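Numbering (full-length UniProt numbering), first residue to last: 1 to 445. Here the structure comes first, spelled out in structure tokens, and everything after it is commentary.
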């Protein structure tokens, strides 16, 4: 029989009821604390709640009452001895992660990493006080939107999972109640083994779902419960592939693999280790964004999958080809072929210009192979006397032979045309020898 909202103010004299937020085995109300004006959430339990369950919940709630942490919903007041037991908590304006996933499908990588880091901070506090949540799921993670637009996450409902038997969330009664799709293998196999590693498994499932849009193992209906439990106990989950080929930081994939390990002893169970992996994933994502790099989450080689516990050997779904229209960058220490060609042609041109200038300068240099009478250096050049007096040899014949066997240089020929020698004169190789030969011939005659 539903509880009447008319009597709420009688049951909660210090609170003004504003609205009803939800109901199940417990009703959740939004209220205002009259003495302070603070907004609060009141969770009122069903009348038939088991007394032993209430006492166990009271013990854990007493611990939580003294905790004030930005990532944990603060418990303000507990009234379990009242006719209708209730719990007063901090009100979080926003909603829960379940509603956010329904609206958006998946979280962005930046928001997902922030969620993991903030839940790790919450785990540090509760686990250090000996509290195991045992029911980590999207419904128990609240969020508020900050002025910057970022989401701030808070963990709530400590110990409430033990008193829930809501069939709509697929939980079961007994020694350990749980939400099937977020429950760790030990919660099915041996509830006495539940410890802090159980919370990390549940968080791993939450992050996996927030990343890919679905949980690692889906329970379609209660008829398939046995098959579902067998998968949770024995089958490794598939690596997290994104359907749109979005880049997934390798450190994020590694964090999920470690949190979803079947054996609690091999599972990641330390908040600081999780934070290290997620901080590294943040760096990897930043580098990928700066490089404008987008690729699908790469699966390890088959041999690696076979030797690495925790992941199933699965073939990734075919991804559409990604064509990069951005031209390949040309770095300063790498020259393109076109640039090399132009450098080569430019060098050849410079050499050709240099050679041409050298030739022109040499041609225009004033050289006179036939010195004038005022040029004393040419006249006083020493001459070998053996060339002047040879009784058995005629000088003109020797000059003719030498002129026939020796080709004049180009510069000498140019000067000869300028002086216009007589047709009978044949220029020799050097001006000195030609003058000496002429003088010898005159003396002989």
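All C-beta atoms, glycine included, are put in the ideal place defined by N, C-alpha and C. Quick caveat, the model's predicted, so the values are computed rather than measured.
Note to self: Quick check: what's the CA-CA separation for residue 284 versus residue 30?
What the structure shows: Position 284 of the chain shown, counted from the first residue, corresponds to residue 284. Position 30 of the chain shown, counted from the first residue, corresponds to residue 30. Spanning the two alpha carbons is a distance of roughly 41 angstroms.
Notebook entry, point to check: Where does the unbroken beta strand (DSSP E) through residue 91 begin, and where does it stop?
Noted result: In the chain shown, the residue the question calls residue 91 occupies position 91. Per DSSP, residue 91 belongs to no beta strand (DSSP E) and is neither H nor E.
Item checked: Own chain residues within Cβ distance below 6 angstroms of residue 12, not counting five before or after -> Here residue 12 refers to the residue found at position 12 when the chain shown is read from its first residue. There are no such residues.
Checklist line | Pairwise C-alpha distance: residue 264 and residue 273 | finding: Translated into positions along the chain shown, residue 273 becomes position 273. Translated into positions along the chain shown, residue 264 becomes position 264. Roughly 15 angstroms between the two C-alpha positions.
Next item on the list: Note the first and the last residue of the continuous alpha helix (DSSP H) segment covering residue 113.
Entry: For this step, residue 113 is matched to residue 113 along the chain shown. Looking at the DSSP string, the run of the alpha helix (DSSP H) that includes residue 113 is 109–128.
Checklist line | Assigned secondary structure, residue 214 (DSSP; H/G/I helix, E/B strand, else coil) | finding: Counting from one through the chain shown, the residue named residue 214 turns up at place 214. Looking at residue 214 - three-state DSSP - the assignment turns out to be coil, as it is neither helix nor strand.
Check: In terms of alpha-carbon separation, which member of 156, 262, 247 lies closest to residue 204?
Finding: The residue labelled residue 204 in the question sits at position 204 within the chain shown. It is 262.
Next item on the list: Please name the residue in 231, 65, 78, 39 whose C-alpha comes closest to that of residue 125.
Entry: Counting from one through the chain shown, the residue named residue 125 turns up at place 125. Measuring from the Cα of residue 125, the nearest candidate turns out to be 65.
Check: According to DSSP, is residue 15 helix, strand or coil?
Finding: By one-based count along the chain shown, residue 15 stands at place 15. Here residue 15 sits in strand by DSSP.
Note to self: Within the continuous beta strand (DSSP E) that includes residue 40, where are the two ends?
What the structure shows: Position 40 of the chain shown, counted from the start, is the residue given in the question as residue 40. Looking at the DSSP string, the run of the beta strand (DSSP E) that includes residue 40 is 39–45.
Check: Could you check where the beta strand (DSSP E) with residue 505 kicks off and where it finishes?
Finding: Missing from the structure shown is residue 505; the chain here goes from 1 to 445 and no further.
Next item on the list: May I ask you to verify whether the region 72–88 touches the region 180–196, counting CB pairs closer than 8 angstroms and requiring at least 3?
Entry: no
Notebook entry, point to check: Given residue 115, which residues of its chain have a CB within under 6 angstroms of its CB, disregarding the five upstream and five downstream residues?
Noted result: As a first step, residue 115 must be located in the chain shown, where it is residue number 115. Cβ neighbours of residue 115 beyond the five flanking positions: 153.
Next item on the list: Compare the Cα-Cα distances from residue 246 to each of 127, 142, 209, 109 and report the closest residue.
Entry: Stepping through the chain shown from its first residue, residue 246 is reached at position 246. It is 109.
Checklist line | Beta carbon of residue 122 nearer than 8 angstroms to that of residue 72 | finding: The residue labelled residue 122 in the question sits at position 122 within the chain shown. The residue labelled residue 72 in the question sits at position 72 within the chain shown. Yes.
Next item on the list: Let me know the secondary structure DSSP gives residue 134 once reduced to three states.
Entry: In the chain shown, the residue the question calls residue 134 occupies position 134. Residue 134: coil per DSSP, three-state reduction.
Notebook entry, point to check: Relative to the alpha-carbon of residue 35, which residue among 44, 233, 16, 290 has its alpha-carbon at the smallest distance?
Noted result: By 1-based counting over the chain shown, the position of residue 35 is 35. Ranking 44, 233, 16, 290 by Cα distance to residue 35 puts 16 first.
Notebook entry, point to check: At what residues does the alpha helix (DSSP H) containing residue 242 begin and finish?
Noted result: By one-based count along the chain shown, residue 242 stands at place 242. Residue 242 -> no alpha helix (DSSP H), and no H or E assigned at all.
Item checked: Of the residues 127, 213, 275, the one placed nearest residue 97, counting alpha carbons only -> Here the question's residue 97 lines up with position 97 in the chain shown. Among 127, 213, 275, the Cα nearest to that of residue 97 belongs to 213.
Margin query: Any heavy atom of the ligand MN inside 7 angstroms of the beta-carbon of residue 141?
Written below: The ligand MN is absent from the structure shown, which contains no ligands of any kind.
Check: What is the DSSP secondary structure of residue 287, counted as helix, strand or coil?
Finding: In the chain shown, counting from the first residue as 1, residue 287 sits at position 287. In the structure shown, residue 287 sits in a helix (DSSP, three-state: H, G or I).
Item checked: Inter-residue Cα distance where the pair is residue 199 and residue 94 -> Position 199 of the chain shown, counted from the start, is the residue given in the question as residue 199. Position 94 of the chain shown, counted from the start, is the residue given in the question as residue 94. Their backbone Cα atoms lie some 24 angstroms apart in a straight line.
Check: Within this structure, are the beta carbons of residue 258 and residue 268 separated by less than 8 angstroms?
Finding: The count along the chain shown starts at 1 and reaches residue 258 at position 258. The count along the chain shown starts at 1 and reaches residue 268 at position 268. It is a contact, given that the beta carbons lie within the stated cut-off.
Notebook entry, point to check: In its own chain, which residues sit with a C-beta less than 7 angstroms from the C-beta of residue 275, not counting the 5 before and 5 after it?
Noted result: Within the chain shown, the letter at position 275 stands for residue 275. 117, 120.
Next item on the list: Since I believe residue 75 is in contact with residue 61 (beta carbons under 8 angstroms), could you give me their beta-carbon distance rounded to a whole number of angstroms?
Entry: Numbered from 1 along the chain shown, position 61 holds the residue referred to as residue 61. Numbered from 1 along the chain shown, position 75 holds the residue referred to as residue 75. Contact flag correct, Cβ pair sits at about 6 angstroms.
Notebook entry, point to check: DSSP on residue 7, reduced to helix/strand/coil?
Noted result: Residue 7 sits at position 7 when you count from the first residue of the chain shown. Because residue 7 sits at a pLDDT of 46, beneath the cut-off of 50, its placement in the model cannot be relied upon, and the point is left open.
Item checked: Through-space distance from residue 28 to residue 44, alpha-carbon basis -> Position 44 of the chain shown holds residue 44. Position 28 of the chain shown holds residue 28. Taking the straight line from one Cα to the other gives about 6 angstroms.
Notebook entry, point to check: So what does residue 141 bridge to, in DSSP terms?
Noted result: The residue given as residue 141 occupies position 141 in the chain shown. 155, per the DSSP bridge assignment.
Item checked: Close Cβ partners of residue 144 (< 8 angstroms) along its chain, the five nearest in sequence each way excluded -> Within the chain shown, the letter at position 144 stands for residue 144. Cβ neighbours of residue 144 beyond the five flanking positions: 92, 93, 94, 151, 152, 154.
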